[in-house]
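Residue numbers (this note's numbering), protein chains in the order written: chain L, 1 to 459; chain S, 460 to 918. Every residue gets a Cβ at the ideal spot worked out from N, C-alpha and C, and that includes glycine. Since this is a predicted model, take the numbers as computed values, not measurements. These notes concern the structure reproduced below.
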Ligand SMILES: [K+]
Ligand SMILES: [K+]
C-alpha cells in the first residue's frame with residue numbers, strides 16, 4: 001500500500017496532491033472533533049457541525065456555528081488550533097518541513113510541492129522551509145507573550161492558553177478565538193478600544209498575510225545586511241508589489257471604515273483613537289483574518305459591500321491568508337489600465353506582464369465570483385430571513401477564508417452549511433488549482449497553440 | 460466655425476467624436492424638455508429632472524423619475540421618442556445614414572465612424588446604413604401594427620401613438636412606456652398575461668438586441684438566398700456566437716425566473732401559460748430593454764441579484780442594447796475555461812481568441828464593475844432607506860442602460876441622480892471607448908511592446 005501511495009505521489013500533478021491531502025486533513029479533523037471528549041457537557045455536536053468546524057479551522061476561515069470557548073472542551077480547542085496551524089502554514093509547507101526535519105534532505109518531488117505551495121522560486125527550498133517554521137513559531141511566540149500582558153492578569157493561568165490560541169489564530173489568519181468567557185460570540189468586541197490587544201493582532205495578521213517569499217526577501221535583503229552591517233539590497237519585484245498593495249489596502253480600508261461607520265458601529269467607542277484602533281482592525285481583518293471588534297451585523301449595507309470587496313481580494317499569494325490574492329487584483333487592474341490607455345500589453349512599472357499571468361488572474365477572479373454568486377443563491381433560497389447583502393457577505397467570507405459574518409452562520413440551513421464547507425475548501429486550495437487538479441489528465445497539458453484565430457467583437 | 464469643426468472631426472479619434480456628440484444630444488434634449496409646453500399643467504420639471512429624462516432617453520435606459528404619460532405632454536413624449544430613436548440607432552449610424560441620404564456618398568471619415576459604431580467590418584458601409592434604417596423602421600412599423608390590434612380597440616386613436624411609442628421603445632431597448640393612462644408607473648404590469656403585447660415586445664427587443672452585423676449576416680446568408688431560391692450560406696463566427704448567447708441567456712433566464720418567482724411575483728397570474736409569458740419577458744427584458752410586467756420591488760433578493768447579472772451582461776455589440784455585451788462575457792468565460800483546462804490560449808470552438816480581445820473584454824468588465832460599485836456606494840450613502848441590493852440593482856440598471864428599478868429611482872437624492880445620469884452615459888458610450896477617448900492624445904497609441912517582462916505571482 002505504501003508502494004502504491006509512493007507511485008501515486010510520483011504520478012499525480014502536485015496540485016492534485018494538495019487538493020487530496022487537504023480533504024484528508026479536514027475529514028480526519030471532523031472525526032476527531034466528533035469525540036465526546038471534545039464537546040462540553042450539556043452541548044452536542046452533529047457530524048455536520050464537526051465537519052463544518054474542521055473545515056473552517058483547516059481552511060483557516062473562522063466561521064463558527066458555536067462560540068468556540070463555550071462549546072468545545074480544551075481538548076477540542078487543541079484539535080482546532082492544530083488544524084489551524086496545519087492549514088495555515090500550508091499543508092504542504094508543513095509536510096515538507098516535517099520531511100526535512102526527519103530526513104535532512106529533500107527529494108525532487110517534495111521540492112516541487114513546496115514551490116507550488118509557496119509560489120516561490122525554487123532556490124534553496126530546505127532553508128526556506130526551515131526559515132518558514134522558525135519565523136512562524138517566533139512570530140506566534142512573541143505575539144503570545146505580548147498578549148499575555150493583558151490576559152494573564154485578567155484570567156490567570158488560563159490567559160496563557162488564550163494568548164497562545166489568539167496569536168496562532170491571528171498569524172494563520174484564522175480568526176478563531178476563545179474569548180467566550182468574556183462575551184459569548186463576542187470575538188474582539190470587548191477589546192475594541194484596547195490598542196495592546198488589537199495592534200498585536202493587527203501585526204500578526206499583516207506579517208502572516210505577506211507570504212513567506214516576501215518575508216524571506218525582506219530578511220535576506222534588509223534585515224540580515226543591517227544586522228551584519230553590510231550593504232542592503234533592494235527588494236524584488238514581487239515583494240515590492242505585495243508590500244505596496246498591503247499598505248495601500250490597509251490605509252484605504254481604514255479611511256473608508258472611519259468615514260462610513262464613524263457614527264454607526266464606531267459610535268460607541270470613547271474617543272478618536274479608539275475608533276481609529278477599531279477601524280484599523282476592520283481594515284486589516286477582512287484580508288483575510290476574520291477578527292471583529294464591532295458588531296458587523298449592524299454595519300451599513302455599503303460598508304458590508306466594501307468589506308466583501310476586501311474579503312474577495314484577500315492577502316498575498318503564498319501567505320496564510322486567502323482570497324483571490326492582492327497580486328491577482330493588481331494584474332487585473334494593470335491590464336484594465338493599459339487597455340484604457342491604448343497600450344497593447346498589460347504593463348506595471350515599466351514591466352510587461354505575461355499573457356498567461358493575466359489569463360490566470362482572470363480565471364481566479366472569474367471562478368471566485370461564480371462560486372460566491374452560486375453560494376449566495378443557495379443561502380438566500382434555503383435560509384429564511386436572510387437578506388441578499390448578508391448572504392453575499394457570508395459567501396465571500398467563506399470563499400476568502402475570512403470568517404467574518406453578519407450573524408448568518410449559526411442560522412444556515414444544512415444545504416447552506418455544506419455549500420459553505422465546499423466554498424471554504426475551494427477558496428483555500430485555490431479555484432484554479434482545484435480546476436486544474438480535476439481537469440488535467442496525469443500532468444498532461446493541452447498545447448493547441450496552432451489553432452486558427454477566431455475574431456470576436458467585444459463591448 | 461464650420462471650418463474649425465471640420466478640422467476637429469478630422470483630427471480627433473472617432474471614439475472621442477461619439478463621446479462628444481452623445482453629450483451634445485443629451486444636453487440639447489434636456490433643454491427641449493425644459494420647455495413649459497412639454498410638461499402637463501399642474502406638474503413641474505426642474506432642469507435636473509429634464510437632464511435625467513433626456514439622458515435616460517438618449518442612452519435608451521428607461522429609468523424615469525415620473526410616469527412618462529402623466530408627466531409629459533404629447534410634445535414632451537415626441538421629444539423623448541426622438542431621443543430614444545437617435546440614441547438607440549446609435550447617434551453615428553443615424554448621422555451617417557442622414558449624410559448618406561443627403562449626399563448619396565460617404566467620405567472616408569464617416570465610414571470610419573459607422574464602422575466604430577456598428578463594430579462591423581468596413582465592407583459596403585453605404586448599403587449597411589441604408590439596410591439599418593430600412594430594417595429598423597420596418598421592424599418598428601410591423602411591431603406597432605401588431606400592438607394596435609390591442610391598443611386601438613382599447614384606447615381609440617390614442618392607441619396608435621401608444622403602439623408606435625412602445626414599438627420604437629422596445630426595438631431600441633429603451634424601456635419607456637406611455638401606458639400611464641392604464642396604471643400609473645405600471646409599465647407592462649396590466650398586460651402581464653397578454654401574449655399579444657408581451658411576445659411582440661419580446662421579439663422587438665430580441666431583434667433590436669442582436670446588432671446590425673448579425674442581422675445583415677442573417678439577411679445575406681439565409682433570408683435572401685431563401686427568397687431567391689439560392690443556396691444558403693452558413694453564418695459567420697460572430698453571428699453564431701451572438702445567436703447562441705442570446706438563445707442560451709433567454710432560456711436560462713426564463714427557467715431561473717420561473718423557479719425562483721413562481722410562488723412570489725408570478726403567483727398572481729392566472730395560469731402556467733401566463734406565468735411563462737411573464738417569466739419570458741423578465742428574462743428578455745433585463746438584457747437590456749427594461750420593461751417590467753411584474754412588481755420588481757417585491758422580487759426575492761436573489762432574483763434581483765440574478766437580474767443584476769443579466770443586466771450587466773446585456774445584449775450583443777453593435778445593437779441597440781447595452782451592458783458589457785454578451786460577446787465580452789463569452790470571451791471572459793472562454794479564457795477562464797481554457798485556464799482551468801491547462802490550455803495556454805483562450806479558445807472557443809477550436810478558434811484561438813486574440814490576447815487584445817481578452818484584455819479589452821477584461822477592461823470593459825472591470826471598469827463596469829468599478830462604476831457599478833461606486834454608484835451603489837453613492838446611492839446607499841446619500842439616499843435614506845435604500846438597501847444594498849436595491850442600490851446595486853439601480854446602479855447596474857443605469858450602467859447596462861436597462862431601466863428596471865426596484866422602485867428606487869423617484870426617491871434618489873440629487874447627487875445620486877447626477878451619478879445615475881453619468882453612469883447611463885458611461886454605459887451607453889462604453890467604458891473603454893470613453894477611457895480611450897479621454898486618455899489617447901490625438902489618436903496616438905502607445906506601443907511599448909519591448910518592455911522587459913516582470914514576473915508577478917498570482918492567486
Ligand atoms: K480567516
Ligand atoms: K433600456
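Length of the line joining the Cα atoms of residue i and residue j
i, j, result
"residue 495 of chain S", "residue 637 of chain S", "19 Å"
"residue 663 of chain S", "residue 280 of chain L", "53 Å"
"residue 274 of chain L", "residue 798 of chain S", "46 Å"
"residue 606 of chain S", "residue 598 of chain S", "12 Å"
"residue 152 of chain L", "residue 269 of chain L", "24 Å"
"residue 317 of chain L", "residue 327 of chain L", "7 Å"
"residue 46 of chain L", "residue 420 of chain L", "16 Å"
"residue 50 of chain L", "residue 173 of chain L", "20 Å"
"residue 695 of chain S", "residue 668 of chain S", "17 Å"
"residue 540 of chain S", "residue 627 of chain S", "8 Å"
"residue 543 of chain S", "residue 535 of chain S", "12 Å"
"residue 805 of chain S", "residue 435 of chain L", "16 Å"
"residue 54 of chain L", "residue 409 of chain L", "15 Å"
"residue 796 of chain S", "residue 276 of chain L", "43 Å"
"residue 415 of chain L", "residue 432 of chain L", "24 Å"
"residue 163 of chain L", "residue 385 of chain L", "37 Å"
"residue 390 of chain L", "residue 312 of chain L", "15 Å"
"residue 335 of chain L", "residue 822 of chain S", "7 Å"
"residue 355 of chain L", "residue 422 of chain L", "30 Å"
"residue 811 of chain S", "residue 801 of chain S", "14 Å"
"residue 677 of chain S", "residue 666 of chain S", "11 Å"
"residue 319 of chain L", "residue 61 of chain L", "14 Å"
Closer than 7 Å to chain S by CB, residue i
i, result
"residue 404 of chain L", "no"
"residue 88 of chain L", "no"
"residue 439 of chain L", "yes"
"residue 359 of chain L", "yes"
"residue 267 of chain L", "no"
"residue 411 of chain L", "no"
"residue 341 of chain L", "yes"
"residue 389 of chain L", "yes"
"residue 495 of chain L", "Coverage of chain L is limited to positions 1 through 459, which leaves residue 495 of chain L absent and any answer about it impossible."
Bridge-paired residues (DSSP) for residue i
i, result
"residue 72 of chain L", "L/39"
"residue 348 of chain L", "L/351"
Counted within 10 angstroms of its Cβ, other Cβ atoms place residue i as buried (16 or more) or exposed
i, result
"residue 190 of chain L", "exposed"
"residue 691 of chain S", "exposed"
"residue 184 of chain L", "exposed"
"residue 374 of chain L", "exposed"
"residue 438 of chain L", "exposed"
"residue 226 of chain L", "exposed"
"residue 500 of chain S", "exposed"
"residue 581 of chain S", "The pLDDT assigned to residue 581 of chain S is 43, lower than 50, so where the model puts this residue is not dependable; a value taken from the coordinates is nonetheless given after this. Exposed."
"residue 615 of chain S", "exposed"
Residue-level contact to chain L via CB, residue i, 7 Å cutoff
i, result
"residue 895 of chain S", "yes"
"residue 794 of chain S", "yes"
"residue 476 of chain S", "no"
"residue 844 of chain S", "no"
"residue 581 of chain S", "Note on residue 581 of chain S: pLDDT 43, under 50, position unreliable in the model; the coordinate value appears next. Residue 581 of chain S does not count as touching chain L."
"residue 757 of chain S", "no"
"residue 840 of chain S", "yes"
"residue 754 of chain S", "no"
"residue 854 of chain S", "no"
"residue 761 of chain S", "yes"
"residue 556 of chain S", "Model confidence at residue 556 of chain S stands at a pLDDT of 46, short of 50, so the residue's coordinates are unreliable; what they give is reported in the following sentence. Chain L contact via Cβ: absent."
Would you mind listing the alpha helix (DSSP H) stretches within the region 148-227 of chain L that are 4+ residues and don't spill past its ends, in chain order?
158-171, 195-208, 212-218, 224-227
List in chain order: all unbroken alpha helix (DSSP H) runs of 4+ residues lying wholly within the region 837-892 of chain S.
847-858, 873-888
Identify every run of the beta strand (DSSP E) within the region 734-822 of chain S, keeping only runs that are complete inside it and at least 3 residues long; order them along the chain.
Residue ranges of uninterrupted beta strand (DSSP E) with 3 or more members, entirely inside the region 734-822 of chain S and ordered along the chain, are 805-807, 810-812.
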